[in-house]
Amino acid sequence: MENRKYVKIGVGGPVGSGKTALLECLSRRLIHELDLAVITNDIYTKEDAEYMAKNSLLPPERIIGVETGGCPHTAIREDASMNLEAVEELAERFPNLELILIESGGDNLTSTYSPDLADITIFVIDVAEGEKMPRKGGPAITRSDLLLINKMDLAPYVGASLEVMEHDSRKMRKGLPFLFSNLKTGEGVDEIIGWIKKYALLQDVEEPNLLR
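Start counting the sequence shown at 6; every next residue gets the next number (my numbering).
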């Protein structure tokens, strides 16, 4: 749509990393500040959309679940038509829309969003997947606008070193920001919101305390 005023943030990451938890946290915190909506992607169901409708405080009409029916990468990259249609539908429903959060289906480290679909991207990994995740690289690790390393509280239980993950993230991302979080307790959410306000919404706010 021409003259649009909304920003589209793509949220990617492997199954179980915390993508839906991030959308829930952001929606709960931003619902009273911004005109926002959510799009979720699942291969065969609309389970994430149903979860968001129950837990995010957003009314159901502000949440669209896309059933991709196939590879989650294709639905956000090569053929994003279903998601783009959902974006258009939300923009028509809510003329003052400011922010759309678009969650991909569970995907791997090669995941990237079509620039037509996402203006800026967050990729979520979790400590339970192992400290090796950042150094494995891939476009999602090296090129996402923000890398979120979630479930930091699990490090001692899975034998992962946060120091190693921080070192490898700095090396792989070459100055791009990243952050450790525990979305279950809300740790890191303030910094994520600060980053969204400053770099996605271009608001005049303080520089968030992120790692680089």
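For glycine and all other residues, C-beta sits at the position ideal for the given N, C-alpha and C. Fair warning: this is a prediction, and the values are worked out from it, not measured in the lab.
Who are Val210's beta bridge partners in DSSP?
Partner(s): none; Val210 has no beta bridge.
What are the residues that DSSP puts in a beta bridge with Asp53?
BP columns for Asp53 are empty, so no partner.
Please tell me whether Gly110 and Ala80 are closer than 8 Å, where the distance is taken between their beta carbons.
yes
Whole-angstrom Cβ separation of Arg140 and Leu181, contact assumed at under 8 Å?
The pair is not a contact, with the Cβ atoms about 15 Å apart (cut-off 8 Å).
With which residues is Lys13 paired in a DSSP beta bridge?
Ile105
Leaving out five residues on either side along the sequence, give the residues of the same chain with a beta carbon under 6 Å from the beta carbon of Thr45.
Asp53, Ala54, Gly70 and Glu108
Residue of Val16, Arg82 and Leu27 minimising C-alpha distance to Asn187
Leu27
Which residue or residues does DSSP assign as beta-bridge partners of Leu152?
Phe128 and Phe183
Measuring alpha carbon to alpha carbon, tell me which of Ala160, Met170 and Ala42 ends up nearest Pro65.
Ala42
Please name the residue or residues paired with Glu192 in a DSSP beta bridge.
Asn187
Between the alpha carbons of Lys202 and Leu151, how many angstroms are there, rounded?
13 Å
Just tell me which of Val16, Arg9 and Lys10 has its CA closest to the CA of Ser119.
Val16
Answer yes or no: do Phe185 and Met157 have a C-beta to C-beta separation smaller than 8 Å?
yes
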